[in-house]
Amino acid sequence: MSYIEKRRWGWLARLATSFVLATAPLAVGSSVWAQDDAAVQDGGTLVVVLPGDPQGLNSALSTDTASSNIVGQIYGTLVRLDADGAVQPYMAETWDVSEDGLTYTFTLFEGVTWHDGEPFTADDVAWGLWNVNREYNGASAGLLAAVESIEATDDLTVVFNLAYPYPPLLAGLAYPNSATILPRHLFDNGSDPRQNPANQHPIGTGPFMFKEWRAGSHIELVSNPDYHFDGRPYLDRLIFQVIPNEAARGLALERGDADFIPYYSMSLSEYERLSGIEGIAATIHLRTIAGEYMAFFNTRNEPFNIPEVRQALYHGVNRDELLEKAAFGLGTVATGPISSAQSQFYTPAGTFYDYDPDLAEQMLDEAGFPRGADGTRFSVRLSYDQKEGPMTNTAALIRAQWARIGVNLVVSPMESGAWREAVYRRWDFDIQMGTWATGPDPAIGVQGIYTCETIDPNGGRNASGYCNEELDAVFFEAAQEVDHERRVELYADAVEILTADAPHMWLWDRQYPVAFDEDLVGLPGDPSAYGPFDYVGWKQ
Amino acid sequence: MSLGLFLLKRIAYATPLLVGAIVLIFVLVRLAPGNPVDYIIGEMGADPVVVARLMADMGLDQPVYVQLYRYVLQVLTGDLGHSFVSNAPVIDLILDRLPATLLLMVSQLVLSILIGVWLGVLSARKPGSSLDNAITIFSLATFAIPVFWLGQMLILTAGYYLHWFPIQGMVNFRAGYTGWEHVVDVAYHMVLPVTAMTLLNLALIQRLTRASMIEVLGQDYVKVARAKGLTEGAVLVRHALRNGLLPVVTVIGLEFRSLIAGAVLTETVFAWPGLGRLTFDAIGTRDYPLLMGMFIFMCALVIIGNLITDLLYALLDPRIRYS
């Protein structure tokens, strides 16, 4: 954490450090994000690049990334994350977690109003999170699973009562895609919240107010004069411009038509080009969502039901080559199911599968799959969503690598909807790959693709069908454990079990490149990546 | 037969066609693998109870024929429903994007017809001349170039290196123009996408006009017109072109459907906020109500396009009557 970064968050940090749980600091490469605050212009316009229209402007209902980023400017959450991943006040000024971890009490900032002038109260928080977010948003239902009730005890106090301790709750409440706070006076009208007009014309409590949404073109926000952090935001206008053409995004940034390409609009190859251009800062945004590219074996199918075969195939993949050639070096070779970017929980535990084609061949021979007359042991299918950037090159590289160990890979790129159906509902695949979040907390990101109960074609995401009761016990204990050190140990145990059995091949831990105009300061380095732009401005 | 009766008859024919198209498309869309719930819950998954409720809310737990029956009833009341993904009313989503697409499509259609017919007449006048060859090479080249590549090259040259035109979108957001300045701003942003689409479409029109004009110019009545001592211009435009345009009108009428389908690439390359992109996204997310709404809309457009073609025939050729 740089000096300036520290100063920017200093006043927040002083307020909050005493309440913060489990904050082994994240290693944030924050130097580019941190700039001198004193030299920021008051006013100005920021144009942010969107890859397409957001699904809607209500993240209480949808978990779409780009929507969350926009909604995070308009609506508030109880808390927010700083560049170190530490929890900071946002709509709540202070909070207290009881010793037993079963009661969370939040005290809201006084005098906050919705953008339409109505007062913002604890009742909004309690009603919306319980009746909308929890009901309609899968991620939110997961986050609030341990919560038995949310009560507004007075206008400024909200109490969460938990059935069992759930430490990820506090940081989870900083994520707009699960914990956006809606105005009760607009949503509590007896009709379906998904068809509420406010989903297209949101009224929030955040630093920017909604002005217009021209579908397919742009969304315009203007600064909120009554924002409860004095003197913020710096910017007058914030525009999210839709640019579906990947190659044109960088050109628009270079021409000065656009100012900021967030990670969800950035293609890896474009990043490499923009890095060399004067006036543009290209850097990596660390995110606690900590995505990881991985391949699932379908452990129901021959021969992937045999652990030795999975291990052998894993040894046959040269992941350094994948990272370098398919991902332009943007990442690190994965060691297991928790990304190294998830530094509060990552440990280099478990079995590491280095590239060793000879060992792979020997293991396949021993497992009873010798090379046939044509030199081939067996044929397998590899499916992926063709929209997932680096997967096409990854598939081509694995195909070449496995040809060396006598395994014939049939590559099948699929249309997104068809891929989800085949992988999650029909389980019709041999190996499938893509990117999955491993954060912000392993209880949220990791657990859901490995436990037995998530082998379910109706919404379950354990596509590999791997079921291990010993592992389940570790995951369930870790999710409810209050002591952070103990949780880290438990997740290390989970990593040991998983890497030994190798139901997946963990390919590489993702990095999230961004690029922006060098005259821009204060872009949030917060690891939710959805944080408000109230500190963003142009240099004097 | 009067024009009014003719129109009524055509609309009567069109209605069962439209219903048939709705049923067919509805079934095809549901048969495609994938469903909107899996898209909405994302890669984190969700509790089966939540999934079941979402399916029930969208009516997806019912057999396809029940869904179809409900949908047809709903459409008959004039309600296209709400998008599964954005939750906005489908009709609003479509009408929001329609003006941008119409602006782009009508502009390029008018330009490519004017330029294409003009070039076609020019080359038919002296087939095999160097002018004809030059025009032929030009139109074959523009016809062969994929529009996304052409668009990308226009962006790079005229936009990025020469700074003549804006490269993306429909307006300058930073400036936020209003009134006449806004109109000029939009026109300025239209130059590159309209150029790309015009270059693509005029080739077909030029080739057709040329072929049909060459045939017409060889006919006796043209010789008569020339023998009467009419000017070359009058012979070409008033006598020959009027006849020669018939096949061209047919093809343009048939091309109506591709106005939207063909817009997908152009709109994507130039970030033009039109219907093409909307349809493409709806397919990716299996947004059934929006997809169906778009298909119904396109069917209606094709039917209207064919109607206009028929009317134009009669206008151009008095021998054709509404019968």
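Going down the list, the sequences are from chains A and B.
When we follow our numbering, the leftmost residue of the first sequence carries the number 1, and every step to the right adds one.
When we follow our numbering, the leftmost residue of the second sequence carries the number 1001, and every step to the right adds one.
Backbone N, C-alpha and C fix where the C-beta goes; we use that ideal spot for every residue, glycine too.
Note that the structure is predicted; figures quoted are calculated from it, not measured.
Proximity of residue i and residue j at Cβ, strictly below 8 Å
| i | j | result |
| --- | --- | --- |
| R1097(B) | P1289(B) | no |
| P119(A) | Y264(A) | no |
| H218(A) | Q241(A) | yes |
| M1170(B) | V1184(B) | no |
| L1204(B) | F1143(B) | yes |
| G216(A) | L1278(B) | yes |
| L397(A) | E302(A) | no |
| S1107(B) | M1044(B) | no |
| Y355(A) | M433(A) | no |
| Q401(A) | L221(A) | no |
| I1155(B) | I1137(B) | no |
| L57(A) | R194(A) | no |
| L173(A) | T77(A) | yes |
| T105(A) | D116(A) | no |
| Y234(A) | D42(A) | yes |
| A146(A) | L162(A) | yes |
Residue range of the unbroken beta strand (DSSP E) whose run includes residue i
| i | result |
| --- | --- |
| A543(A) | Given a span of 1 to 540 for chain A in the structure shown, any question on residue 543(A) remains unanswerable. |
| L50(A) | 45–50 |
| I280(A) | 280–285 |
| V79(A) | 79–81 |
| V536(A) | Taken as a continuous stretch (DSSP letters only), V536(A) belongs to no beta strand (DSSP E), as it is neither H nor E. |
| Y104(A) | 103–108 |
| K211(A) | 208–214 |
Rounded distance between the beta-carbons of residue j and residue i, thought under 8 Å
| i | j | result |
| --- | --- | --- |
| A1175(B) | F1165(B) | Contact doesn't hold; Cβ gap of about 15 Å is too wide. |
| N298(A) | W114(A) | At roughly 49 Å, the Cβ-Cβ gap does not stay under 8 Å, so N298(A) and W114(A) are not in contact. |
| F208(A) | L182(A) | Actually they do not touch by this definition, with Cβ atoms about 17 Å apart. |
| A126(A) | E93(A) | Contact flag wrong, Cβ pair sits at about 17 Å. |
| F352(A) | T335(A) | 6 Å |
| G537(A) | V49(A) | Their Cβ separation, rounded to whole angstroms, is 19 Å, which puts G537(A) and V49(A) out of contact at 8 Å. |
| A179(A) | L81(A) | That pair is no contact at about 12 Å. |
| D1132(B) | S1123(B) | 4 Å |
| I1115(B) | L1200(B) | Going by Cβ atoms, the distance from I1115(B) to L1200(B) rounds to 12 Å, so no, they are not a contact pair. |
| H496(A) | A290(A) | For clarity, residue 496(A) is Glu in the given sequence; the question names His instead. Their Cβ separation, rounded to whole angstroms, is 19 Å, which puts E496(A) and A290(A) out of contact at 8 Å. |
Min CB distance residue i to chain A below 8 Å
| i | result |
| --- | --- |
| E1043(B) | yes |
| Y1039(B) | yes |
| G1034(B) | yes |
| V1085(B) | yes |
| V1019(B) | no |
| G1078(B) | no |
| T1268(B) | yes |
| V1075(B) | no |
| L1154(B) | no |
Chain B contact for residue i (CB, 8 Å cutoff)
| i | result |
| --- | --- |
| Q195(A) | yes |
| Y355(A) | no |
| P244(A) | yes |
| G138(A) | yes |
| D517(A) | no |
| N458(A) | yes |
| D53(A) | yes |
| L251(A) | yes |
| Q35(A) | Here the model assigns Q35(A) a pLDDT of 45, short of 50, so the residue's position is not dependable, and the following value carries that caveat. No - not a single Cβ of chain B is within 8 Å of the one on Q35(A). |
First through last residue of the alpha helix (DSSP H) which encompasses residue i
| i | result |
| --- | --- |
| V541(A) | What the structure shows of chain A is the stretch from 1 to 540, and residue 541(A) is not part of that stretch, so it cannot be assessed. |
| N196(A) | That residue, N196(A), is in no alpha helix (DSSP H); it is neither H nor E in DSSP. |
| S1083(B) | Neither: S1083(B) is in no alpha helix (DSSP H) and is coded neither H nor E. |
| I398(A) | 391–404 |
| T1250(B) | 1242–1254 |
| A126(A) | 122–128 |
Checklist entry - Taking three-plus beta-carbon pairs below 8 Å as touching, is the segment 360–378 of chain A in contact with the segment 295–313 of chain A? => result yes
Checklist entry - If you pair each beta-carbon of the segment 1029–1042 of chain B with each one of the segment 1051–1065 of chain B, do three or more pairs fall below 8 Å? => result yes
Item to check | Given 8 Å, three or more beta-carbon pairs between the segment 1228–1240 of chain B and the segment 1300–1310 of chain B | outcome: no
Item to check | Cβ contact (3+ pairs, closer than 8 Å) linking the segment 270–284 of chain A and the segment 511–518 of chain A | outcome: yes
Checklist entry - Given a limit of 9 Å on CB to CB distance, which residues of the segment 1157–1184 of chain B reach chain D? => result Checking the listed chains, one finds no chain D in this structure; the protein chains it contains are A and B.
Item to check | Touching by the beta-carbon criterion (3+ pairs, under 8 Å), the segment 187–199 of chain A and the segment 503–511 of chain A | outcome: no
Checklist entry - Would you call the segment 438–458 of chain A and the segment 329–349 of chain A touching, i.e. three or more CB-CB distances under 8 Å? => result yes
Checklist entry - Do the segment 247–256 of chain A and the segment 222–229 of chain A meet, that is, are 3 or more Cβ pairs less than 8 Å apart? => result no
Next on the checklist: Would the segment 1236–1251 of chain B count as touching the segment 1080–1089 of chain B if we require 3 or more Cβ pairs under 8 Å?
Outcome noted: no
Next on the checklist: Measuring CB atoms only, is the segment 414–422 of chain A touching the segment 313–329 of chain A, in the sense that at least three cross pairs come out at less than 8 Å?
Outcome noted: no
Checklist entry - Per the contact definition of three or more C-beta pairs closer than 8 Å, is the segment 81–91 of chain A in contact with the segment 57–72 of chain A? => result no
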